[in-house]
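Notes follow once the structure below has been shown.
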Amino acid sequence: MRNEQLKPTLGTWQLWGIAVGLVISGEYFGWSYGWGTAGTLGFLVTTLLVAVMYTCFIFSFTELTTAIPNAGEPFAYSLRAFGTYGEMLAGLATLIEFVFTPPAIAMAIGAYLNVQYPTLDPRIAVIGAYPVFMSLNIVGVAIAATFELIVTLLAVIELLVFMGVMAPVSVWRASPPTAGPAAMRSGRRPFQESLPQFRLRSGSF
Numbered sequence: 001m002r003n004e005q006l007k008p009t010l011g012t013w014q015l016w017g018i019a020v021g022l023v024i025s026g027e028y029f030g031w032s033y034g035w036g037t038a039g040t041l042g043f044l045v046t047t048l049l050v051a052v053m054y055t056c057f058i059f060s061f062t063e064l065t066t067a068i069p070n071a072g073e074p075f076a077y078s079l080r081a082f083g084t085y086g087e088m089l090a091g092l093a094t095l096i097e098f099v100f101t102p103p104a105i106a107m108a109i110g111a112y113l114n115v116q117y118p119t120l121d122p123r124i125a126v127i128g129a130y131p132v133f134m135s136l137n138i139v140g141v142a143i144a145a146t147f148e149l150i151v152t153l154l155a156v157i158e159l160l161v162f163m164g165v166m167a168p169v170s171v172w173r174a175s176p177p178t179a180g181p182a183a184m185r186s187g188r189r190p191f192q193e194s195l196p197q198f199r200l201r202s203g204s205f
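Residue 1 is where the sequence shown starts when you use the UniProt record's numbering, and the numbers rise one by one after that.
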C-alpha cells in the first residue's frame, strides 16, 4: 500500500455547516411530502428506519476513511473490496447521482422562488441558480463550503426566530400527532413513497 495522505481543506465549522445545511434543507424538501404521504405516525416509522440506516452508514464510512485514506472514497473502497469491476460500478452510480442531483436541486430552488415571486419563471431561476453554484464548486471546495456555512447560519437564525414567534402557540394542542385517520396511513405504499424523500436530505443514500 502506498503511503498516501489527504490534504486538509475544510475546517470544523465548514464541515458543521455542510452537515447542518443538509439537515435544514431536508426539513423543507423531504419532510413536508413525507408527512403528507405516510401520515404523522407512519412517517415516524420511516424516520426510525432511515435513522438506523444512516447510523450504520456513518460508522462504516468513518472506519473506511481511516483505514483507506484516499480522496477517491467510494472508488477506492470498491477497488479494494471488489476489484476493477466493483470500482467501475461504484463510479457509474456516483456519476448518475452527481449528474441528476444538481438539476433536481436547481429545479427545487426555482419552484420555491416562484412561490415567493409568482411572476418569476421557475425555468429562469433554474438557469440562473445552476451556473452560480456550479461556479462556486469550480472555484474551490473551501469557497463553496464557506458559502454554505454562511447560508446555514442564516437558516439557523431564521429557525430560531420562527420558534420564538411560534412559542406562544401550542401546535401540539391545536393539531395533535395522533388526530385523524391521516396520522397512520395503511398499507405499504405510503412507506415506499416516503422513504425516497430522505434521499433529498443527503448527498448519498
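Note that the Cβ used here is the ideal one computed from N, Cα and C, for glycine as well.
In this chain, the alpha helix (DSSP H) harbouring glutamate 97 covers 74 to 116.
Secondary structure at alanine 167: coil, using DSSP grouped into helix, strand and coil. In this chain, asparagine 70 is not harboured by any alpha helix (DSSP H), its DSSP state being neither H nor E. For the options Pro74, Leu64 and Tyr112, the alpha carbon positioned closest to that of glutamate 97 is the one of Pro74. Rounded to whole angstroms, the Cβ separation of glycine 17 and threonine 152 is 4 Å, and the two are in contact under 8 Å.
Where leucine 136 is concerned, the enclosing alpha helix (DSSP H) starts and stops at 122 to 139. In the structure shown, glycine 34 falls within a helical segment according to DSSP collapsed to helix, strand and coil.
Comparing alpha carbon positions, the residue from Ser135, Ala106, Thr46 and Pro102 closest to aspartate 121 is Ala106. Around the beta carbon of tyrosine 77, 16 or more other beta carbons lie within 10 angstroms, which makes this residue buried.
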